[in-house]
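Novice:
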Amino acid sequence: DAKTTQPPSMDCAEGRAANLPCNHSTISGNEYVYWYRQIHSQGPQYIIHGLKNNETNEMASLIITEDRKSSTLILPHATLRDTAVYYCIAVTGNQFYFGTGTSLTVIP
Amino acid sequence: GAVVSQHPSWVICKSGTSVKIECRSLDFQATTMFWYRQFPKQSLMLMATSNEGSKATYEQGVEKDKFLINHASLTLSTLTVTSAHPEDSSFYICSAAGTGETQYFGPGTRLLVL
Chain A
536 DAKTTQPPSM DCAEGRAANL PCNHSTISGN EYVYWYRQIH SQGPQYIIHG LKNNETNEMA
596 SLIITEDRKS STLILPHATL RDTAVYYCIA VTGNQFYFGT GTSLTVIP
Chain B
27 GAVVSQHPSW VICKSGTSVK IECRSLDFQA TTMFWYRQFP KQSLMLMATS NEGSKATYEQ
87 GVEKDKFLIN HASLTLSTLT VTSAHPEDSS FYICSAAGTG ETQYFGPGTR LLVL
């Protein structure tokens, strides 16, 4: 699986969009990009995933660059409950190898 | 949909005893289940992958005789930590996947070995 690189921490004002970047420059053509988040002392929660096209669901949007070497998770209107560690994972097959993620703090 | 439960949510045991953790997919059939371990302030580490009715595949460095995994049905997998020691104290998390790659995670089990 391709290694992913994320900033260790970010802050975002409540109500504003949170844009979380992920670098996966060695991703291969059949690797999906998955995003999960983990609120303290809980199991990870699935957010969204994509292969080439941008994706949107009720939680977030995923923007993948044309060369697929990076992606951005967008939480359109961050709330205090979005404070968590966000993991970006490049996946082939069914095994997930988590990196260190980005700790997002939403500030009132 | 896609709810995964774990039991117990926390357990305290004496050194040398064995502890069993259950992972259930409540509203879907899990072709594959996974077990992870997470130490404080660290990321999740994949321990093993199990398919229903087959032996689990363990990641490098994970002792299969210490961490026994059974995946007897499409909705239940168990992890038994045998002869637990204080260094096995950790947060154990399972996940389940149906026919696709998306994994749905349980809430985790916190194990403290005294």
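From first to last, the protein sequence lines are chains A and B. Heads up, the first sequence is in my numbering, so the first residue is 536 and it goes up one at a time. Heads up, the second sequence is in my numbering, so the first residue is 27 and it goes up one at a time. Don't be surprised by glycine CBs; every beta carbon is placed ideally from N, CA and C.
Nearest by alpha-carbon distance to Ser115/B: which of Ser31/B, Val30/B and Gly42/B is it?
Specialist: Gly42/B
Novice: Is the separation between the beta-carbon of Asp91/B and that of Thr108/B shorter than 9 Å?
Specialist: yes
Novice: So, is Asp617/A buried or exposed, given that buried needs 16 or more other C-beta atoms within 10 angstroms?
Specialist: buried
Novice: Do the stretch 555 to 567 of chain A and the stretch 607 to 627 of chain A make contact, defined as three or more Cβ pairs closer than 8 Å?
Specialist: Judged by Cβ distances under 8 Å, the stretch 555 to 567 of chain A makes contact with the stretch 607 to 627 of chain A, as three or more pairs qualify.
Novice: Kindly confirm or deny that the stretch 47 to 59 of chain B and the stretch 96 to 113 of chain B touch, where touching means at least three C-beta pairs closer than 8 Å.
Specialist: Yes, since at least three Cβ pairs between the stretch 47 to 59 of chain B and the stretch 96 to 113 of chain B fall closer than 8 Å, the two stretches touch.
Novice: Taking Cβ-Cβ distances shorter than 9 Å, what residues in chain A pair up with Thr75/B?
Specialist: Asn629 and Gln630
Novice: If the criterion is Cβ atoms closer than 9 Å, does the pair Val641/A and Glu566/A meet it?
Specialist: No; because the gap between Cβ atoms is not below 9 Å, this pair is not in contact.
Novice: Interface residues of chain A around Ile95/B at Cβ under 7 Å?
Specialist: Here the premise fails: no neighbours, minimum Cβ distance about 15 Å.
Novice: Name the DSSP beta bridge partners of Lys46/B, please?
Specialist: Thr106/B
Novice: Answer yes or no: does any C-beta atom of chain B fall closer than 9 Å to that of Gly634/A?
Specialist: yes
Novice: Where His111/B and Val139/B are concerned, what is the direct C-alpha to C-alpha distance, given to the nearest angstrom?
Specialist: 6 Å
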